[in-house]
Structures are given as structure tokens and as C-alpha cells.
Amino acid sequence: MFLTAYLSCASAYLSCASGEMVIKLNFSEPFRGVTYTDYDRSSPCKFYGDGSRYYELRIPLKGCGTKQEAPRVFINK
1 MFLTAYLSCA SAYLSCASGE MVIKLNFSEP FRGVTYTDYD RSSPCKFYGD
51 GSRYYELRIP LKGCGTKQEA PRVFINK
């Protein structure tokens, strides 16, 4: 499964792998900031932008606020 989203400043590609969700982000300009899961800055699932335009965030299916809604259906806000 995959999902592609286009935002005004970035495009995001989500894929599901064994035991994790993988989010690939491509920014239109160098990104210097923080991205984290579950609205929680203290989450261990985050990255700090260092000025690159491409980042990959791996979110485990067990942890970092990920919840299972149904068989084979996981969400993370």
C-alpha cells in the first residue's frame, strides 16, 4: 500500500513495510525544523531538518502513537 500527498511546500509518500510505516518527504526548499508523530515533540519518532530537501521517517506499527483500528489497518496522527 502507498499514498502520495502533495502539499504547498512538500510532497509526501507513505508506504507500509513489515512492522513499520515509511514516510518519504520531499521539500521544495531546504527544510530546517522538526517533524514528529502523534502531536508529541518528545516522541522518539522524529527527525530534525538539517537543510536537506529529502527525509525518510520510519514509524513502527508498535509504538510512537501508532494504533491498530482493524486487521491490517494502522493509524498515527
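Each residue of the sequence shown is one higher than the one before, counting from 1 in the UniProt record's numbering.
Each residue gets a CB set at the ideal place from its N, CA and C atoms; glycine is no exception.
Note that the structure is predicted; figures quoted are calculated from it, not measured.
Assigned with DSSP and collapsed to three states, Arg58 falls in strand.
In this structure, Gly63 keeps its C-beta atom at 8 Å or more from the C-beta atom of Lys77. Phe31 sits away from Ser15, with the two beta carbons spaced by 8 Å or more. Taken through DSSP and simplified to helix, strand or coil, Thr35 comes out as strand. Distance from the CA of Arg41 to the CA of Ser28, rounded to the nearest whole angstrom, comes to 24 Å.
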